[in-house]
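Residues 784 to 1068 (this note's numbering) make up the sequence shown, in order.
Glycine is no exception: its CB is placed at the ideal position from the N, C-alpha and C atoms.
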Amino acid sequence: MTTSGVPYRKGHGTGNEFILVSGLDGFFADPSDVTPEVAQRLCDRELGLGADGILRVANASEFEVTDARYFMDYTNADGSISATCGNGLRVFARYLVEAGLENRGLFKIGTRAGTVMVAISETDTEFTNIAVTMGRVSLGPMDVTVQTETGSWPAVGIAGMNNHAVSMVTDIKDAGSLDHIPTALPVGTYPDGVNFEFVQDISPTHISMRTHERGVGETLSCGSGACAAAYVQATSNHLNDPWTVQVDILGGTVFVDSDTDGVLTLRGPAVFVADGIIEPQQWQN
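Below, the structure written as structure tokens:
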């Protein structure tokens, strides 16, 4: 680990905030440098930079990925490792393009959930419609009930890049405060944790959503959660492939497309808000 400051960029995808650091040139070159303690310090909203997680830019070969040049090494705000993040992928993709590591058009990014395809149009100068292929999802655990402080609802388990429990509610406010982790019953249904989505039906192709992300808490947006919620909406309304569902989240709007093979793509913006230097005391005891 270097004893000098480390450059970082801070960005968000519809309000889902990330700190980006490079592991390509000696800064955080070892994945073990992003310890749970470092992640917690950097993501702390009072004593750190404030974020939902850290995106470490790594060479794909470091993770034995052969079909992409770069790998998104994602750590949640609590220090736990996450397989992937749809909103994070858009921010990560913009970073690669602006750093000159990838060109606009189509390119691939490695994640712990597999390699994904990203599309950034030559005409999308403001990076408002970055498309990330999220793959297929499938039904996970059934007969699940989700409880919060204000009530309980049946949930549809969705398995894919992350695990999700999706509950349809009359109004997204019905879920109440999501400061505390909702409970999934039966206990033990998700031994490795799960993301919770509370979804309001606006029309067959339009929903609004709140989410509680594992290892983070309630966030303004969750990309894989938007895909899970859109899939549940499309399935319950018997939409035929291809389809598009608009998902309004607290941080803005994203779109989920399904092609004729049931492969989901997440489309939305990526924004950078700050560049700076992380001081060494943030990782030193």
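Excluding five sequence neighbours on each side, which residues of the same chain lie with their C-beta closer than 6 Å to the C-beta of residue i?
i: Asp1040; result: Thr1027 and Thr1048
i: Leu961; result: His995 and Glu1001
Quick test of your reading: residue i and residue j, contact by CB under 8 Å. State the CB separation rounded to the nearest angstrom.
i: Ser1004; j: Gly1035; result: 7 Å
i: Ser991; j: Asp1024; result: Wrong, their Cβ atoms sit about 23 Å apart, outside the cutoff.
i: Val982; j: Gln1016; result: 7 Å
According to the Cβ coordinates, are residue i and residue j closer than 7 Å?
i: Phe890; j: Leu838; result: no
i: Ala942; j: Val949; result: no
i: Asn859; j: Gly998; result: yes
i: Thr867; j: Met944; result: yes
i: Pro974; j: His995; result: no
i: Arg1050; j: Ala914; result: yes
i: Phe801; j: Ala822; result: no
Please report the distance separating the alpha-carbon of residue i from that of residue j.
i: Val929; j: Gly940; result: 11 Å
i: Ile985; j: Ser1019; result: 13 Å
i: Asn842; j: Glu1062; result: 24 Å
i: Asp808; j: Val899; result: 24 Å
i: His1021; j: Pro819; result: 43 Å
i: Ala882; j: Val840; result: 11 Å
i: Met784; j: Asp816; result: Any reading at Met784 is ruled out, since the residue's pLDDT is 48, under 50, leaving its predicted position unreliable.
i: Glu980; j: Thr972; result: 16 Å
i: Ala851; j: Gly893; result: 6 Å
i: Leu1033; j: Glu845; result: 35 Å
Leaving aside the five residues before and after residue i along the sequence, list all residues of the same chain whose C-beta is less than 7 Å from its C-beta, in chain order.
i: Val1054; result: Gly794 and His795
i: Gly923; result: Gly940, Ile941, Ala942 and Asn946
i: Val920; result: Ile941, Ala942, Gly943, Cys1010, Ala1011, Tyr1014 and Leu1047
Could you pull out every residue in the same chain whose Cβ sits closer than 8 Å to the Cβ of residue i, ignoring the five residues on either side in sequence?
i: Asn886; result: Val880
i: Ile1060; result: Gly788, Val789, Pro790 and Tyr791
Report task. Scan the region 945-979 and note each continuous beta strand (DSSP E) run of 3 residues or more that stays entirely inside, going in chain order. Result -> You should have 947-952 and 966-968.
Requested in this report: Ignoring anything shorter than 4 residues or poking outside the region 798-843, list the alpha helix (DSSP H) runs there in chain order.
Outcome: Whole alpha helix (DSSP H) segments, 4+ residues: 819-826.
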